[in-house]
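Asks:
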Amino acid sequence: MDYKKLKIPIIMISLPIIFLDVLLPVYTKELGFTTFQLTILISVFSMFQLIMRLILGKVSDKYSRRSIFISSLLCFFIAYFVYAVATELSILLLARVIHGVAGILLTISLYGMITDTKSGFAQKLGSFSSNRNFGGLIGVGLCFFILNRYELLNGWTVLFTACGAVAALAFVYSLVISRASEQQRMTYIPKLVLSPEKRKIWFVNVLFCLLSSMIFALLIPYLQAGFDADIKEIAITFLLPMLVSSFSGSFLGKLGDRIGYRKATTLSVVISFITISTIVFSSSLSIFALLWTIFIISCSTFNLSLDAMFFKRIPEEHIGDAFGKYSIGSNLGMIIGPALGGFVFDTYGPTVPYIIFAVSMALLVPFLLTMLPKDEPYHPVVTIENRTHSHK
1 MDYKKLKIPI
11 IMISLPIIFL
21 DVLLPVYTKE
31 LGFTTFQLTI
41 LISVFSMFQL
51 IMRLILGKVS
61 DKYSRRSIFI
71 SSLLCFFIAY
81 FVYAVATELS
91 ILLLARVIHG
101 VAGILLTISL
111 YGMITDTKSG
121 FAQKLGSFSS
131 NRNFGGLIGV
141 GLCFFILNRY
151 ELLNGWTVLF
161 TACGAVAALA
171 FVYSLVISRA
181 SEQQRMTYIP
191 KLVLSPEKRK
201 IWFVNVLFCL
211 LSSMIFALLI
221 PYLQAGFDAD
231 IKEIAITFLL
241 PMLVSSFSGS
251 FLGKLGDRIG
261 YRKATTLSVV
271 ISFITISTIV
281 FSSSLSIFAL
291 LWTIFIISCS
301 TFNLSLDAMF
311 FKRIPEEHIG
321 DAFGKYSIGS
331 NLGMIIGPAL
341 GGFVFDTYGP
351 TVPYIIFAVS
361 MALLVPFLLT
371 MLPKDEPYHP
381 VVTIENRTHS
391 HK
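Numbered per this note's numbering, the sequence shown spans residues 1 to 392.
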């Protein structure tokens, strides 16, 4: 399957990607759920994701990427309609589980398609990220439109019914434009063993996810503590990074492809150090928003280049298994980081987690130069008259 043909369905199934995490706590409170019940909803989902990434990663390698992609769209369609009727904790949990499976299958299928191409890995990963964020922006507009016309409980039902209908259209559209040209895969696939180089990249990913999630999770508490920001000011602070993320992914990925993944990740860490160090001393919310946007761009560049570095040269039949192993590291970092950041925030003050992050970024630069493989010369690949040529 050609990834370019899949951009429209990816945008269509990504409508709730931004508003869901914001709306879910408000919706559960309106239903009368306790904070403990909400944390159960989040914790069970996180643990389920951790387990299912490994299981689905290995199982998916036995099937074609088309089958996995179509299955993911079907799961999105089902999940959104379950959300629409969810008024009890058990049904919300079911919706979250199906939604999680859909996201895992979508990512596995697209990573397989992207890494099977000749070049431009990070650029294509960035394009995937931008398409999802763009769909999320459309979803935010849809959310405001519907919730301005309905009270929350009815609005939730209408909103997810609309998302489910759009996901159904994406499912049908993908069936029409894609052809079942891929052959069924082998029943037995040799076990994937990560090389020492890939293990080093895996460890760097865990470390960066831990450190970055430590301050990502504290953004709203930091804005409230440092700037006494209200909901409107917080929303405006989020707006610029959200807009930039929706359109910059392909460019940021292409940057890594051109200058080299090692250079791109190292440069991103340096920029992260500078921006967060400056944020700590910033007294203006507008300056904070600008610096935070630059920081988000640097993090996106880092993640796209590191992902491309890890998945490059992994056989296409092992992509699912490799994704499971790699994302387990990401999840571990994102579970430990917020807990560590919250403890430091409450114990030592709101700026201390950001200072720790900035110092860690400074120390990470020589660590990256030691751990990550050296960049290879950039050889762009172009297609002329159905023939592939590499410029050397």
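We put the beta carbon where it would ideally sit given N, CA and C, even for glycine. These figures come from a predicted structure and were not determined experimentally.
How is the alpha helix (DSSP H) around glutamate 197 delimited, first residue to last?
Replies: Here residue 197 corresponds to residue number 197 of the sequence shown, with the count starting at 1. That run of the alpha helix (DSSP H) goes 196-216.
Asks: Measure the C-alpha to C-alpha separation of isoleucine 138 and methionine 242 and round it to an integer number of angstroms.
Replies: Working through the sequence shown from its first residue, we reach residue 138 at position 138. Working through the sequence shown from its first residue, we reach residue 242 at position 242. Their Cα atoms are separated by approximately 12 Å.
Asks: Measure the alpha-carbon distance for asparagine 131 versus tyrosine 83 and round it to whole angstroms.
Replies: Against the sequence shown, residue 131 aligns to sequence position 131. Against the sequence shown, residue 83 aligns to sequence position 83. Asparagine 131 and tyrosine 83: Cα-Cα distance of roughly 23 Å.
Asks: Would you identify the three-state DSSP class for tyrosine 354, choosing helix, strand or coil?
Replies: Start at 1 with the first residue of the sequence shown, and residue 354 comes out as number 354. Here tyrosine 354 sits in helix by DSSP.
Asks: Tell whether a beta-carbon distance below 8 Å holds between threonine 275 and isoleucine 294.
Replies: Working through the sequence shown from its first residue, we reach residue 275 at position 275. Working through the sequence shown from its first residue, we reach residue 294 at position 294. Yes, the Cβ-Cβ distance between threonine 275 and isoleucine 294 is below 8 Å.
Asks: In terms of alpha-carbon separation, which member of Met214, Ile114, Leu211 lies closest to isoleucine 314?
Replies: Taking the first residue of the sequence shown as 1, we reach residue 314 at position 314. The option with the nearest alpha carbon to isoleucine 314 is Ile114.
Asks: Determine the direct distance from the alpha carbon of leucine 290 to that of alanine 225, and round the result to whole angstroms.
Replies: Sequence index remark: in the sequence shown, residue 225 carries index 225 (1-based). Sequence index remark: in the sequence shown, residue 290 carries index 290 (1-based). In a straight line, the C-alpha of alanine 225 is about 19 Å away from that of leucine 290.
Asks: Give me the Cβ distance between phenylalanine 69 and serine 174, rounded to the nearest whole Å; I'm assuming they're in contact under 8 Å.
Replies: Counting from 1 along the sequence shown, the entry for residue 69 is found at position 69. Counting from 1 along the sequence shown, the entry for residue 174 is found at position 174. Rounded, the Cβ-Cβ distance is 7 Å, consistent with contact.
Asks: Are there 16 or more other CB atoms within 10 angstroms of the CB of proline 9, so buried, or fewer, so exposed?
Replies: Taking the first residue of the sequence shown as position 1, residue 9 is located at position 9. Classification for proline 9: buried.
Asks: Spatial neighbours of glycine 164 within its chain, please: C-beta separation below 7 Å, excluding the five flanking residues on both sides.
Replies: To locate residue 164, count along the sequence shown from 1; it is residue 164. Cβ within range, chain order: Phe77, Tyr80, Phe81, Ala84.
Asks: Using the three-state DSSP reduction, which class does serine 181 fall into: helix, strand or coil?
Replies: On the sequence shown, residue 181 is found 181 positions in, with the first residue counted as 1. In this prediction, serine 181 scores a pLDDT of 48, lower than 50, which makes its location untrustworthy; no coordinate-derived value is stated.
Asks: Does DSSP classify alanine 362 as helix, strand or coil?
Replies: What you label residue 362 is simply residue 362 of the sequence shown in a count that begins at 1. In this structure, alanine 362 counts as helix in the three-state DSSP scheme.
Asks: Is it right to say glycine 400 is buried, meaning 16 or more other beta carbons lie within 10 angstroms of its own, or is it exposed?
Replies: Only positions 1 to 392 of the chain appear in the structure, and residue 400 is not among them; the question remains open.
Asks: Which residues bound the alpha helix (DSSP H) around tyrosine 348?
Replies: The sequence position of residue 348 within the sequence shown is 348, counting from 1. Unbroken alpha helix (DSSP H) run through tyrosine 348: 319-348.
Asks: Indicate whether the contact test is met: 3 or more Cβ pairs, each with one atom in the stretch 243-261 and one in the stretch 120-127, closer than 8 Å.
Replies: The answer is yes - the stretch 120-127 touches the stretch 243-261, with three or more Cβ pairs under 8 Å.
Asks: Starting from the Cα of methionine 214, find the closest Cα among Tyr261, Ser268, Met334 and give me that residue.
Replies: Locating residue 214 in the sequence shown gives position 214, counting from the first residue. Among Tyr261, Ser268, Met334, the Cα nearest to that of methionine 214 belongs to Met334.
Asks: Beta-carbon separation of proline 338 and alanine 217 under 8 Å?
Replies: Position 338 of the sequence shown holds residue 338. Position 217 of the sequence shown holds residue 217. For proline 338 and alanine 217, yes; Cβs fall inside 8 Å.
Asks: Which of helix, strand or coil does DSSP assign to alanine 86?
Replies: Start at 1 with the first residue of the sequence shown, and residue 86 comes out as number 86. Looking at alanine 86 - three-state DSSP - the assignment turns out to be coil, as it is neither helix nor strand.
Asks: Closer than 6 Å by C-beta to glycine 260: which residues in its own chain qualify, once you throw out the five before and the five after it? Chain order, please.
Replies: The residue given as residue 260 occupies position 260 in the sequence shown. Counting only Cβ-Cβ distances below 6 Å, and skipping sequence neighbours, we find Asp375.
Asks: By the three-class DSSP mapping on this structure, what secondary structure does aspartate 230 have?
Replies: Within the sequence shown, the letter at position 230 stands for residue 230. Residue state, collapsed to three classes: coil.
Asks: Is DSSP giving asparagine 154 helix, strand or coil here?
Replies: Along the sequence shown, one-based indexing puts residue 154 at 154. Reduced to three states, the DSSP call for asparagine 154 is helix.
Asks: Just the C-alpha distance for arginine 149 and lysine 29, rounded to the nearest angstrom, thanks.
Replies: The sequence position of residue 149 within the sequence shown is 149, counting from 1. The sequence position of residue 29 within the sequence shown is 29, counting from 1. About 20 Å.
Asks: Identify, in the order they occur along the chain, each residue of the same chain with its Cβ nearer than 8 Å to the Cβ of tryptophan 202, setting aside the five sequence neighbours on each side.
Replies: As a working note, residue 202 is residue 202 in the sequence shown. Leu194, Phe310, Lys325, Tyr326, Gly329.
Asks: Looking at C-alpha atoms only, which residue of Lys5, Leu152, Pro25 is the closest neighbour of glutamine 37?
Replies: To locate residue 37, count along the sequence shown from 1; it is residue 37. Cα-wise, what sits closest to glutamine 37 is Pro25.
Asks: Which residue from Ile355, Leu20, Ser300 puts its Cα closest to that of serine 246?
Replies: Your numbering for residue 246 matches position 246 in the sequence shown. Residue Ser300 is the option with its Cα nearest to serine 246.
Asks: Could you tell me the alpha carbon to alpha carbon distance between cysteine 344 and leucine 152, rounded to whole angstroms?
Replies: Looking up residue 344 in the sequence shown gives position 344. Looking up residue 152 in the sequence shown gives position 152. The sequence given here has valine at residue 344, not cysteine. For valine 344 and leucine 152, the distance between alpha carbons rounds to 35 Å.
Asks: With distances taken between CB atoms, is the gap from glycine 136 to serine 14 smaller than 8 Å?
Replies: As a first step, residue 136 is located in the sequence shown; it is residue number 136 there, counting from the start. As a first step, residue 14 is located in the sequence shown; it is residue number 14 there, counting from the start. Yes, the pair counts as a contact, with Cβ atoms nearer than the cut-off.
Asks: DSSP on arginine 313, reduced to helix/strand/coil?
Replies: Against the sequence shown, residue 313 aligns to sequence position 313. Three-state DSSP puts arginine 313 in coil, outside helix and strand.
Asks: Give me the residue from Ser72, Val269, His318 with the minimum Cα distance to proline 366.
Replies: Counting from one through the sequence shown, the residue named residue 366 turns up at place 366. Proline 366 has its Cα closest to that of Val269, out of Ser72, Val269, His318.
Asks: Starting from threonine 34 and walking both ways along the alpha helix (DSSP H), at which residues does that stretch end?
Replies: Taking the sequence shown and counting its residues from 1, the one referred to as residue 34 is at position 34. Here threonine 34 belongs to no alpha helix (DSSP H), and DSSP marks it neither H nor E.
Asks: Alpha carbon to alpha carbon, how far is tyrosine 63 from glycine 141?
Replies: As a working note, residue 63 is residue 63 in the sequence shown. As a working note, residue 141 is residue 141 in the sequence shown. Rounded to whole angstroms, tyrosine 63 to glycine 141 spans 36 Å at the Cα level.
Asks: Is the distance from the Cβ of methionine 52 to the Cβ of isoleucine 11 below 8 Å?
Replies: The count along the sequence shown starts at 1 and reaches residue 52 at position 52. The count along the sequence shown starts at 1 and reaches residue 11 at position 11. For methionine 52 and isoleucine 11, no; Cβs fall outside 8 Å.
Asks: Going by the beta-carbon positions, is the gap between leucine 169 and cysteine 143 smaller than 8 Å?
Replies: Position 169 of the sequence shown, counted from the first residue, corresponds to residue 169. Position 143 of the sequence shown, counted from the first residue, corresponds to residue 143. No. Outside cutoff.
Asks: Is the Cβ-Cβ distance between alanine 102 and cysteine 75 less than 8 Å?
Replies: Taking the first residue of the sequence shown as position 1, residue 102 is located at position 102. Taking the first residue of the sequence shown as position 1, residue 75 is located at position 75. Taking 8 Å as the Cβ cut-off, alanine 102 and cysteine 75 qualify as a contacting pair.
Asks: Determine, using beta carbons only, whether alanine 162 and phenylalanine 273 come nearer to each other than 8 Å.
Replies: The residue labelled residue 162 in the question sits at position 162 within the sequence shown. The residue labelled residue 273 in the question sits at position 273 within the sequence shown. For alanine 162 and phenylalanine 273, no; Cβs fall outside 8 Å.
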